[in-house]
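Counting with numbering that gives the first Met the number 0, you get residues 0 to 467 for the letters of the sequence shown.
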Amino acid sequence: MANQLLSTRGNDSTRRVGKRWAHNFVKRRPELQTRLSRRYDYQRAKCEDPMLISKWFQLIEAVKAKYGIADDDIYNFDETGFAMGVISTTTVVTGAEARDKAKLAQPGNREWATVIQAIGAEGWALPPFIILAGQYHLASWYTSTKLPADWVVALSDNGWTTNELALQWLEHFNEFTARRCKSDYRLLVLDGHESHHSAAFELYCQEHKIITVCMPPHSSHLLQPLDIGCFGPLKQAYSREVEALMRAHINHISKLEFLSGFHKAHTAALTPKNIRSSFAGAGIVPYDPDRVLSKLDVQLPVATPVNSRPGTANAVATWTTKTPLNPSETSLQAGLIKNQITRHQDTSPTSMLAAVDQLSKGAQTIMHQMALIRAENATLRSANELLSKRRQLKRQRIQHGGTLTIHQADRILDGDAVDEVVEQPAPPKRQRTPQPKASCRRKIHCSGCGKAGHNIQTCQFPAPGADN
Numbered sequence: 000m001a002n003q004l005l006s007t008r009g010n011d012s013t014r015r016v017g018k019r020w021a022h023n024f025v026k027r028r029p030e031l032q033t034r035l036s037r038r039y040d041y042q043r044a045k046c047e048d049p050m051l052i053s054k055w056f057q058l059i060e061a062v063k064a065k066y067g068i069a070d071d072d073i074y075n076f077d078e079t080g081f082a083m084g085v086i087s088t089t090t091v092v093t094g095a096e097a098r099d100k101a102k103l104a105q106p107g108n109r110e111w112a113t114v115i116q117a118i119g120a121e122g123w124a125l126p127p128f129i130i131l132a133g134q135y136h137l138a139s140w141y142t143s144t145k146l147p148a149d150w151v152v153a154l155s156d157n158g159w160t161t162n163e164l165a166l167q168w169l170e171h172f173n174e175f176t177a178r179r180c181k182s183d184y185r186l187l188v189l190d191g192h193e194s195h196h197s198a199a200f201e202l203y204c205q206e207h208k209i210i211t212v213c214m215p216p217h218s219s220h221l222l223q224p225l226d227i228g229c230f231g232p233l234k235q236a237y238s239r240e241v242e243a244l245m246r247a248h249i250n251h252i253s254k255l256e257f258l259s260g261f262h263k264a265h266t267a268a269l270t271p272k273n274i275r276s277s278f279a280g281a282g283i284v285p286y287d288p289d290r291v292l293s294k295l296d297v298q299l300p301v302a303t304p305v306n307s308r309p310g311t312a313n314a315v316a317t318w319t320t321k322t323p324l325n326p327s328e329t330s331l332q333a334g335l336i337k338n339q340i341t342r343h344q345d346t347s348p349t350s351m352l353a354a355v356d357q358l359s360k361g362a363q364t365i366m367h368q369m370a371l372i373r374a375e376n377a378t379l380r381s382a383n384e385l386l387s388k389r390r391q392l393k394r395q396r397i398q399h400g401g402t403l404t405i406h407q408a409d410r411i412l413d414g415d416a417v418d419e420v421v422e423q424p425a426p427p428k429r430q431r432t433p434q435p436k437a438s439c440r441r442k443i444h445c446s447g448c449g450k451a452g453h454n455i456q457t458c459q460f461p462a463p464g465a466d467n
């Protein structure tokens, strides 16, 4: 990009910036800095629309006002998965001479378990709903793990949630929140998973005065309290429990060890402080949309006042001199300069000169953008021509198997060595082996009269010489 802009200055189009130009450019501009980039899902980035997020917060506020829902009656729930024997990335201490990344051994068991967890804005966590893969509950899960009596363990074929299990969790949720309800209705913030929107799930919510509000897609990292401050610490705490088991030479994590380790991790991570901080970070309780909107890269557009629309006399009068960024602002800047020239007599021309400089800067910016657009257009045209040629090429075959040098291929294509191309003989056709015809069974002949069709026991003809 810098080379393209540099080539537009003067007549020498071969000029190039130095190797350290980017480093020096950032160094001499205090408002810039270099940072490592990170991968970011396109769908998630596309959903970080300030207008979309603002409408969601407006929906939350409207639902609370319509149903009279108190802050303490706002809940959030979601599922999170655990691979029982997998440790998350952690910081370790190594020798100073080590150069490679540190390696941490972990159990190989990747059996999956799902935990449905809900938290309340008041600062408490509902008993978790744990889904394991299996067909039968084992007594040791309940006798050796010291799980609280109100925790729930369910089974599915693969350890994932289903519509039926989601409905059972909703009944579990209603049992523990109905008696703590401070208003007539409860607000449940959830995502768009299909198990959260089945007909039975929604009907149960209607019958028990549970108002559900679904977050915009791909926005849970911004709007869901569990994702903001609970699930991360929970998985880190569970990883520490697995590491402790590894140090004790327990190299296989079964369901029994998982339940025990998860119990300790749940107690350590889902504290009242973390839960309240999670709701605050999501801007839900206390209600503060700016906590989320300020994190977005794109800022909300500011509406133009009615009396300051471009093209009106009031717009020029209220315009503050600055570098114009679009044609309308350029017109306003030009109108401001004209007014200053008209009023100028013996006053200092400093303000007019500054306005002209800003107009010039805006024009240069537009020219630079045009140069970049022209360069991009040329690149796209070149790529389009290459693709067009590729589509027009015929898939001509010049030799079956074997090897070819470029020179040999050129000669074949030019027709000079057509006779030299040795075509591989076609594989012989498979000959069908004639099947022998079924032999005809020999007819029975009588040993007495010699005629066919019967034997001597059934013979009705006298044997030759019988009369003698």
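Idealized CB from N, CA, C, for every residue including glycine.
None of these values were measured; they are calculated from a predicted model.
Chain-order list of residues whose beta-carbon lies under 8 Å from that of residue i (same chain, five-residue window excluded)
| i | result |
| --- | --- |
| GLY191 | CYS213, MET214, PRO216 |
| LYS272 | GLY122 |
| ASP289 | GLY282 |
| ASP226 | ASP77, SER219, HIS220 |
| SER381 | none |
| ASP287 | ALA279 |
| ALA333 | LEU358 |
| THR144 | LEU255, LEU258, SER259, HIS262 |
Beta-carbon contacts of residue i that lie in its chain and below 6 Å, excluding the five residues immediately before and after
| i | result |
| --- | --- |
| GLN116 | PRO127 |
| PRO300 | Low local confidence applies: a pLDDT of 44 at PRO300 is under 50, so the model's placement there is unreliable, with the coordinate-based value given in what follows. Contacts found: none. |
| ILE68 | SER182, TYR184, LEU186 |
| ALA374 | GLN3 |
| SER139 | LEU255 |
| HIS453 | CYS445 |
| THR203 | Per the sequence shown, residue 203 should be read as Tyr rather than Thr. If we look at TYR203 and ignore the five residues flanking it on each side, its Cβ neighbours are LEU169. |
| SER197 | ASN162 |
Cutoff 7 Å; reference residue i; Cβ partners in own chain excluding five residues on either side
| i | result |
| --- | --- |
| PHE230 | THR79 |
| THR322 | GLN357, LYS360, GLY361 |
| ALA1 | VAL16, TRP20 |
| ALA451 | LYS442, ILE443, HIS444 |
| ALA268 | CYS229, PRO232, LEU233, ALA236 |
| LEU51 | PRO215 |
| GLN459 | none |
| VAL284 | ASP70, ILE73, ALA120, PHE278 |
| LEU146 | LEU258, HIS262 |
| ILE59 | VAL212, ILE283 |
| ARG14 | LEU5, SER6 |
| ASN467 | The predicted position of ASN467 is uncertain, since its pLDDT is 46 and thus under 50; a value taken from the coordinates is nonetheless stated next. Within the same chain, ASN467 has no close Cβ partners at all. |
| LYS264 | Checking the sequence, you will find Ala at residue 264 rather than Lys. So the list reads LEU233, ALA236, TYR237, GLU240, once near-sequence residues are dropped. |
Of the residues the options, the one placed nearest residue i, counting alpha carbons only
| i | options | result |
| --- | --- | --- |
| TRP168 | THR113, GLN407, ALA132 | THR113 |
| THR162 | TRP140, GLU384, PHE200 | The question names Thr, but residue 162 is Asn in the sequence shown. Looking at the Cα atoms, PHE200 is the closest of the given residues. |
| GLY84 | ASP48, ALA382, ILE365, PHE261 | PHE261 |
| SER277 | GLN205, ALA120, LYS442, HIS195 | ALA120 |
| PHE76 | GLU384, HIS367, PRO224 | PRO224 |
| GLU174 | HIS367, SER330, VAL151, LEU221 | VAL151 |
| ARG275 | ASP70, HIS22, ARG14 | ASP70 |
| ILE130 | LEU164, ASP149, ILE118 | LEU164 |
| THR160 | ALA132, ARG239, GLY414, THR142 | ALA132 |
| PHE354 | THR329, ASN383, ILE411, ILE372 | Reading off the sequence shown, one finds Ala at residue 354, where the question assumed Phe. Of the listed residues, the one whose Cα sits closest to ALA354 is THR329. |
| GLU110 | GLN32, ILE372, ALA82, GLY414 | ALA82 |
| CYS180 | THR378, LEU386, SER197, ILE209 | ILE209 |
| ASP468 | PHE172, LYS63, THR33 | The question about residue 468 has no answer here: the residues shown for the chain are numbered 0 through 467. |
Boundaries (first-last residue) of the alpha helix (DSSP H) holding residue i
| i | result |
| --- | --- |
| ILE203 | Per the sequence shown, the amino acid found at residue 203 is Tyr instead of Ile. Element bounds for TYR203: 198-206. |
| PHE56 | 49-66 |
| ALA82 | Taken as a continuous stretch (DSSP letters only), ALA82 belongs to no alpha helix (DSSP H), being part of the beta strand (DSSP E) at 73-82. |
| VAL291 | 289-292 |
| PHE261 | 254-268 |
| ARG239 | 230-246 |
| PHE24 | 20-26 |
| ALA1 | 1-6 |
| GLY280 | 271-280 |
| SER218 | Segment: none, SER218 is in no alpha helix (DSSP H) and carries neither H nor E. |
Supposed close pair residue i, residue j - CB separation, criterion 8 Å
| i | j | result |
| --- | --- | --- |
| GLY282 | PHE56 | 7 Å |
| LEU295 | GLU47 | 5 Å |
| GLN134 | LEU166 | Not confirmed; about 20 Å, so no contact. |
| PRO292 | PRO49 | Sequence check: residue 292 is Leu here, not Pro. That belief holds up - the Cβ atoms of LEU292 and PRO49 are roughly 6 Å apart, short of 8 Å. |
| GLY449 | ILE455 | About 10 Å separates the two Cβ atoms, so there is no contact after all. |
Endpoints, the beta strand (DSSP E) within which residue i is located
| i | result |
| --- | --- |
| ILE210 | 209-213 |
| Which ranges would you report for the beta strand (DSSP E) in the region 112-195 if only whole runs of at least 3 residues count? | As for any beta strand (DSSP E) of minimum length 3 sitting wholly inside the region 112-195, the runs are 128-132, 151-155, 185-189, ordered along the chain.
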